[in-house]
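Asks:
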Amino acid sequence: MSVDCIFCKIVNGAIPSKKIYEDEDIIAFHDINPSAKVHFLLVPKLHVESLANCDSQHQALLGKLLLLAPKIAKEQGLAGFKTLINTGREGGQEVFHLHVHVLGGGEKQRKTLA
Ligand code: 5GP
Ligand code: ZN
């Protein structure tokens, strides 16, 4: 838990979100500024800044995050989807709490390095 982290605040309920999944390790909610018809974020409850801050102790968590993407995408009615993990400021990351974007259903714009 990091006091100034927006996603930690969503995890602990201090900031509301359109939550679509939750278990003991992970929460998923719709992105506030969607880049596709369906755009949700998979977020570990543990505060880790980015993929670049992960190591072997996060291996199971990373696997769990990725395995949830197709499961929740299907529940959201997506036949296919894109996944994206922006890492570091240079990688387009704006919220420094690890998260996986899942986008599908006709993108309005592409989330890239620009
Ligand atoms: P990043 O660029 O860090 O990979 O993506 C951060 C994402 O978080 C952005 O797509 C942004 O729209 C989303 N986001 C930022 N603040 C909030 C918030 O308070 N609630 C929700 N649901 N999404 C947020
Ligand atoms: Zn956090």
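Okay, so the sequence shown: first residue is 2 according to our numbering, each after it adds one. For every residue, glycine included, the Cβ atom is placed at its ideal position computed from N, Cα and C.
Quick one: what's Val-103 bridged to in DSSP?
Replies: According to DSSP, Val-103 bridges with Phe-41, Thr-84.
Asks: Which whole-angstrom value is the C-beta distance of Leu-69 and Pro-45, which I expect to be below 8 Å?
Replies: Their Cβ separation, rounded to whole angstroms, is 11 Å, which puts Leu-69 and Pro-45 out of contact at 8 Å.
Asks: Helix, strand or coil: how does DSSP classify Lys-10 here?
Replies: The answer is helix: DSSP assigns Lys-10 an H, G or I state.
Asks: Reducing DSSP to helix, strand and coil, say where Ala-15 ends up.
Replies: Coil at Ala-15, not helix or strand.
Asks: Can you give me the C-alpha to C-alpha distance between Phe-97 and Ala-53, rounded to a whole angstrom?
Replies: Approximately 11 Å, taken between the alpha carbons.
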